[in-house]
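In our numbering, the protein residues as written are 294 to 358.
Even for Gly, the Cβ is constructed at its ideal location relative to N, Cα and C.
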Amino acid sequence: MIKDAKLLAGFNDEQLKKESLDYATALRMLDAMWDEGCKLGVLPLKDPLDGIEVDIRIAKILNDV
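Here's what the structure looks like:
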């Protein structure tokens, strides 16, 4: 059980600062995730604009437009 949320948040912030990725590592991770998505059959999208209307409607609701 977390008793001091501020302490935990501070710890998490410090860990994120210490564990920053360099560009090459981030690019390797992106490539690996893309390859996994392709192997699973979810990437590349057959129709990238499929369902865009729903996304736009949700964005309008969230942004109070």
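Excluding its 5 nearest sequence neighbours in each direction, residue 341 has no C-beta neighbour in its own chain below 8 Å. In the structure shown, residue 335 adopts coil according to DSSP, grouped into three states.
Separation of residue 299 and residue 313 (C-alpha to C-alpha, rounded to the nearest whole angstrom) is 22 Å.
In this structure, the straight-line span from the alpha carbon of residue 348 to that of residue 334 is close to 22 Å.
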